[in-house]
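**Student:**
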Amino acid sequence: MRECDLAIIGGGPAGLAAAIKAWNLGIKSIILLDESEILGGVLPQCVHTGFGIHYFREDLTGPEFAARLIEMLKNTGVEVLCGTYVEHLSIESGGLKRIYGYRYGEALKMDSKAVIYAAGCRERSRFEAGILGDRPAGVYTAGEAQTLMDIYGILPGSEVVIIGSGDVGLIMARRFALEGADVKAVVEIMPYPGGLTRNIVQCLEDFGIQLYLSHGVTEIRGKNRVEAVRLAMVDEKRNPIKGTEFEIKCDTVILAVGLKPRSEILARAGAYIDEATGGPIVNDWLETSI
């Protein structure tokens, strides 16, 4: 049984910053848990700039921002346990928090006086976005595609349709174009783009990429590999309008359709969850109900 004053679940930018701040505030028994072997969360695969402007007063790439935070963490006495999967969190007598998990195939149990939950979000799947059709190879979330390109140096496909026009989808469109892929379209179900105007210009207009607003993907088609997506205009209730369907041939579909908080552990521990956001309900001090 391990013990500490503060356990931090999640080694992404929020978890790293929390660990550094807690140490600087005088908490000297801190353990940081992360399921990945690499600290930084999503940052190592985000090779575009736009990070660190407020924190470091510099415009950094994701890996550069992560490296700065990790270097700051090394100057503290925070204990880091990478490769740790947290399975359960329970509240014991006296308010003690007990963490159950696994690390390198061995069970882990830890008691902490307080827990900072910084597990982040996960990407929504095609089925959560209501996209039906075949289940061929070539359908990726934006994060999966980023990992393939920026960590492993693999281009997921050559003819790409991106679903979702938030900043993530826009940046992915530019990333594929820079790698030489033919980005056929970015598809947005809303009547307006979800990303910043700056990214609309720099990621789509500068590369001549078509943006379809008020359009939804009604079907992904393909046997072994994606062959095409079928689109249709949608009404104000986001329902497909009959007679407006058309098809775009492609070999890759990238999903940038939003995120969902990874709040399952908190929910199982008894924390109140906001049904609208899927995240924990917190007070003015950002404390959960547990």
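Its first residue numbered 119, the sequence shown is counted upward by one per residue in the numbering used here.
Note that the Cβ used here is the ideal one computed from N, Cα and C, for glycine as well.
#1: Could you pull out every residue in the same chain whose Cβ sits closer than 7 Å to the Cβ of Leu314, ignoring the five residues on either side in sequence?
#2: Leaving out five residues before and five after Gly170 in sequence, what residues of the same chain have Cβ atoms less than 6 Å from its Cβ?
#3: DSSP three-state call for Val304: helix, strand or coil?
#4: Can you tell me which residues form a DSSP beta bridge with Gly334?
#5: To the nearest angstrom, how far is the alpha carbon of Asn401 from that of Val160?
#6: In chain order, what residues of the same chain have a beta carbon less than 8 Å from the beta carbon of His206, not counting five sequence neighbours either side?
#7: Rank Leu296, Ile148, Tyr258 by C-alpha distance to the C-alpha of Lys231 and give the top, closest one.
#8: With distances taken between CB atoms, is the gap from Leu124 to Ile145 smaller than 8 Å?
#9: Leaving out the 5 sequence neighbours to the left and right, which residues in its chain are closer than 6 Å to Ile408 when beta-carbon positions are compared?
#10: Once the 5 residues before and after Gly282 are set aside, which same chain residues still bring their CB inside 6 Å of it?
#11: Can you give me the start and stop residues for the beta strand (DSSP E) that Ala225 sits inside?
#12: To the nearest angstrom, how far is it from the Cα of Leu331 to the Cα of Leu191?
#13: Whose CA, out of Gly213, Leu250, Leu226, Val352, lies closest to the CA of Gly340?
#14: How would you write the range of the alpha helix (DSSP H) that Phe98 sits in, first residue to last?
#15: Using a Cβ-Cβ cut-off of 8 Å (strictly less than) and excluding sequence neighbours within five positions of Phe364, which residues of its own chain qualify?
#16: With a Cβ-Cβ cutoff of 8 Å, do Asn327 and Val344 count as a contact?
#17: Pick out whichever of Leu226, Arg380, Gly128 has its Cα sitting closest to the Cα of Glu241.
#18: Please state the DSSP three-state secondary structure of Gly251.
#19: Thinking C-beta only, is Ile126 closer than 8 Å to Leu143?
#20: On the DSSP bridge list, what partners appear for Arg339?
#21: Please report the residue range of the alpha helix (DSSP H) in which Ile383 lies.
#22: Indicate whether Gly271 and Ile307 have their beta-carbon atoms separated by less than 8 Å.
#23: Roughly how many angstroms lie between the CA atoms of Arg221 and Pro311, to the nearest whole one?
#24: Exposed or buried, Val371, counting other C-beta atoms within 10 Å across all chains shown (16 or more means buried)?
#25: Which of the three DSSP states is assigned to Ala157 in this structure?
#26: Can you give me the C-alpha to C-alpha distance between Thr406 and Ala260, rounded to a whole angstrom?
#27: Which residues bound the beta strand (DSSP E) around Pro379?
#28: So, Ala291 versus Leu322, is the Cβ gap smaller than 8 Å?
#29: By the 10 Å Cβ neighbour count, where 16 or more other Cβ atoms means buried, how is Asp369 classified, buried or exposed?
#30: Beta carbon of Val301, beta carbon of Val278: below 8 Å?
**Tutor:** Well, looking at it:
#1: Within the sequence shown, numbered from 1, the residue matching residue 314 stands at position 196. Around Leu314: Asp285.
#2: Position 52 of the sequence shown, counted from the start, is the residue given in the question as residue 170. Taken in chain order, the residues that qualify are Glu176, Leu178, Phe183.
#3: Translated into the one-based positions of the sequence shown, residue 304 becomes position 186. The answer is strand: DSSP assigns Val304 an E or B state.
#4: The count along the sequence shown starts at 1 and reaches residue 334 at position 216. Its beta-bridge partners are Ala350.
#5: The residue you call residue 401 lines up with position 283 of the sequence shown. The residue you call residue 160 lines up with position 42 of the sequence shown. One C-alpha to the other measures close to 27 Å.
#6: Counted from its first residue, the sequence shown places residue 206 at position 88. For His206, where only same-chain residues beyond five positions count, the Cβ hits under 8 Å are Ile217, Tyr218, Gly219, Ile383, Arg386, Ala387.
#7: Here residue 231 refers to the residue found at position 113 of the sequence shown. Considering only alpha carbons, the answer is Ile148.
#8: Numbered from 1 along the sequence shown, position 6 holds the residue referred to as residue 124. Numbered from 1 along the sequence shown, position 27 holds the residue referred to as residue 145. Contact flag set, yes.
#9: Taking the first residue of the sequence shown as 1, we reach residue 408 at position 290. Ile209, Ala387, Gly388, Ala389.
#10: On the sequence shown, position 164 is the one that residue 282 refers to. These residues qualify, in order along the chain: Ala374, Val375.
#11: Position 107 of the sequence shown, counting from 1, holds the residue named residue 225. Segment 224 to 235, the beta strand (DSSP E) holding Ala225.
#12: Sequence index remark: in the sequence shown, residue 331 carries index 213 (1-based). Sequence index remark: in the sequence shown, residue 191 carries index 73 (1-based). Cα-Cα distance, rounded: 44 Å.
#13: Here residue 340 is taken as the residue at index 222 of the sequence shown, counted from 1. Of the listed residues, the one whose Cα sits closest to Gly340 is Leu250.
#14: Missing from the structure shown is residue 98; the chain here goes from 119 to 408 and no further.
#15: By one-based count along the sequence shown, residue 364 stands at place 246. These residues qualify, in order along the chain: Arg348, Leu349, Ala350.
#16: Position 209 of the sequence shown, counted from the start, is the residue given in the question as residue 327. Position 226 of the sequence shown, counted from the start, is the residue given in the question as residue 344. Position check: residue 327 holds Ile in this sequence, whereas Asn was assumed. Not a contact, by the Cβ cut-off of 8 Å.
#17: Along the sequence shown, one-based indexing puts residue 241 at 123. Among Leu226, Arg380, Gly128, the Cα nearest to that of Glu241 is on Arg380.
#18: The residue you call residue 251 lines up with position 133 of the sequence shown. Strand.
#19: Locating residue 143 in the sequence shown gives position 25, where the first residue counts as 1. Locating residue 126 in the sequence shown gives position 8, where the first residue counts as 1. Contact: no.
#20: Looking up residue 339 in the sequence shown gives position 221. Paired residue(s): Ala346.
#21: Here the question's residue 383 lines up with position 265 in the sequence shown. Unbroken alpha helix (DSSP H) run through Ile383: 382 to 387.
#22: Sequence index remark: in the sequence shown, residue 271 carries index 153 (1-based). Sequence index remark: in the sequence shown, residue 307 carries index 189 (1-based). Not in contact: Gly271 and Ile307 (Cβ atoms no closer than 8 Å).
#23: Position 103 of the sequence shown, counting from 1, holds the residue named residue 221. Position 193 of the sequence shown, counting from 1, holds the residue named residue 311. Rounded to the nearest angstrom, the two C-alpha atoms are 42 Å apart.
#24: The count along the sequence shown starts at 1 and reaches residue 371 at position 253. It is buried - the Cβ of Val371 has at least 16 other Cβ atoms within 10 Å.
#25: What you label residue 157 is simply residue 39 of the sequence shown in a count that begins at 1. Reading off the sequence, residue 157 comes out as Leu, not Ala. Note: Leu157 maps to coil in three-state DSSP.
#26: Indexing the sequence shown from 1 puts residue 406 at position 288. Indexing the sequence shown from 1 puts residue 260 at position 142. Each residue's alpha carbon lies about 30 Å from the other.
#27: Residue 379 sits at position 261 when you count from the first residue of the sequence shown. Here the beta strand (DSSP E) through Pro379 covers 377 to 379.
#28: Here residue 291 corresponds to residue number 173 of the sequence shown, with the count starting at 1. Here residue 322 corresponds to residue number 204 of the sequence shown, with the count starting at 1. For Ala291 and Leu322, yes; Cβs fall inside 8 Å.
#29: To locate residue 369, count along the sequence shown from 1; it is residue 251. So Asp369 ends up on the buried side.
#30: Locating residue 301 in the sequence shown gives position 183, where the first residue counts as 1. Locating residue 278 in the sequence shown gives position 160, where the first residue counts as 1. Going by C-beta atoms, Val301 is nearer than 8 Å to Val278.
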